[in-house]
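Data first, discussion second: the structure below is written as structure tokens.
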Amino acid sequence: MSYEQIYLEQSKSLKIETYTYDSLCNIINWHLHPEYEIVFIKNGNGKIQVDRHSKEYTDGCIIFLGPNIPHMPFGNKQFRNNVEVVIQFPEALVTEKLVHFPEFTSMIKFIQKSSQGIIFSPEVHKKLSSAFLKFKNQNNTEKLLNFIQILHQLSISEDHQTLFKNHYSLDINKHSLKRIAKVYHYINENYNKEIRSEIIANQLGLTPNSFCRMFKSSTNQSFINFLNAFRIQKAQESFENNKHTTISEVMYQCGFNDPSYFSRQFKKYTGVLPKEYRKRHIEGRN
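Note that the working numbering gives residue 1196 to position 172 of the sequence shown, counting from 1, and the numbers run on in steps of one.
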């Protein structure tokens, strides 16, 4: 996991980037940042991975995240005409600017709700698609006005769901972040092998107990839960990308060696058994 440094030009109150098939956002791994983020994906299928939550989308999506929520990139390269719009703005925009307008009171409450992670319905996505696509050809003033209008439309829409029951923000200092980043990198490189907390703890200069406490206090989950969730996500990707792969092959490729344990963990994180998940995606490609 990395701490994404977002640079905001002095002449702008927020950062708005439009990416295409040939110019995708270059963040490719787990990351977090103190800015609010709204992401619009024009089309295609993909997966939303926010902290411990994983959710598939079809034909694009809109998601709104509050500050310091760990997440993976949301885009996909299924279609060449796909577009991804990423809007990022600091807390100061809310507390020092929008707050001075009483007309924005309800919108500010909605912005605060984004700390629960908000995903909008296909209907909202369809309704606001043209507004997001306008950003590419707008000047700074037009972008700001368009952003306010989009934010207003999102705030009055009841057709959405939250990822977290309560407000969520990862409270992590930069020293711990460097250690967590090393852990994430190690898991990403070695998830298909045996991974023991003692080995990682030693690399960080910590005792196993200290490492486990540090990881849980920094990520709000135990190391073994994170590792299993990560491996199951990789198993899902394997089933989705190769219809000829067997359950046993996927199990070993993702670092599991006990079929019953693999099945239990897979159902825990996906809601279905590996056999059902594999069948669903094979039938979906036929």
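C-beta: ideal position from N, C-alpha, C; glycine also.
Reference residue 1279, options 1266, 1295 and 1262, closest by Cα
Among 1266, 1295 and 1262, the Cα nearest to that of residue 1279 is on 1262.
Checking 9 Å against the spacing of the C-beta atoms, do residue 1064 and residue 1110 come in under that value?
Yes, they are a contact pair.
Taking residue 1130 as the reference, give the member of 1247, 1213 and 1176 with the closest Cα.
Ranking 1247, 1213 and 1176 by Cα distance to residue 1130 puts 1176 first.
To the nearest angstrom, how far is it from the Cα of residue 1260 to the Cα of residue 1123?
If you take the alpha carbons of residue 1260 and residue 1123, they lie about 43 Å apart.
Residues of its chain near residue 1134, where Cβ-Cβ distance is below 6 Å and the 5 sequence neighbours each way are ignored:
In chain order, 1179 place their CB closer than 6 Å to the CB of residue 1134, counting only its own chain and leaving out the 5 sequence neighbours on each side.
Residue 1208 and residue 1219: beta carbons closer than 9 Å?
For residue 1208 and residue 1219, no; Cβs fall outside 9 Å.
Where residue 1148 falls: helix, strand or coil (DSSP):
Helix at residue 1148.
Which complete beta strand (DSSP E) runs does the region 1176-1229 hold, if anything under 3 residues is left out?
Within the region 1176-1229, the complete beta strand (DSSP E) runs of at least 3 residues are 1184-1186.
Answer with buried or exposed for residue 1246, where buried requires no fewer than 16 other C-beta atoms within 10 angstroms of its C-beta.
It counts as exposed.
Output the distance between the C-alpha atoms of residue 1268 and residue 1184, rounded to the nearest integer angstrom.
Pairing residue 1268 with residue 1184, the inter-Cα distance amounts to about 36 Å.
Selection from 1074, 1303, 1154 and 1100 that minimises the alpha carbon distance to residue 1043
Closest option to residue 1043, Cα to Cα, is 1100.
Just the Cα atoms here: how many angstroms apart are residue 1212 and residue 1227?
Taking the CA atoms as reference points, residue 1212 sits about 16 Å from residue 1227.
If you reduce the DSSP assignment to three classes, tell me which class residue 1057 lands in.
The answer is coil: DSSP assigns residue 1057 none of H, G, I, E or B.
Minimum length 4: unbroken alpha helix (DSSP H) runs contained in the region 1239-1272
Taken in chain order, the complete alpha helix (DSSP H) segments of 4 or more residues contained in the region 1239-1272 are 1247-1265.
Starting from residue 1231, trace the alpha helix (DSSP H) in both directions and tell me its first and last residue.
First-last for residue 1231: undefined, no H or E at that position.
Per DSSP, which residues does residue 1081 bridge with? Please list them.
1070, per the DSSP bridge assignment.
Close-in-space but distant-in-sequence residues of the same chain around residue 1073 (CB under 6 Å, 5 per side omitted)
A distance below 6 Å between beta-carbons, with the five flanking residues on each side excluded, links residue 1073 to the following residues of its chain, in chain order: 1096.
I'd like to confirm the pairing. Which residues does DSSP put opposite residue 1044 in its beta bridges?
DSSP output for residue 1044 lists 1107 as bridge partner(s).
How many whole angstroms separate the CB atoms of residue 1115 and residue 1091, which I take to be in contact at a CB cut-off of 8 Å?
Between residue 1091 and residue 1115 the Cβ distance is about 7 Å, and since that is below 8 Å, they are a contact.
Among 1258, 1266 and 1221, nearest to residue 1344 - alpha-carbon criterion
No information on residue 1344 is available, as it lies outside the stretch 1025 to 1310 that the chain covers here.
Option in 1083, 1164, 1141 and 1088 with minimal Cα separation from residue 1102:
Put simply, of 1083, 1164, 1141 and 1088 the residue whose alpha carbon is nearest the alpha carbon of residue 1102 is 1083.
Could you please give the first and the last residue of the uninterrupted alpha helix (DSSP H) stretch that includes residue 1286?
Its alpha helix (DSSP H) spans residues 1283-1294.
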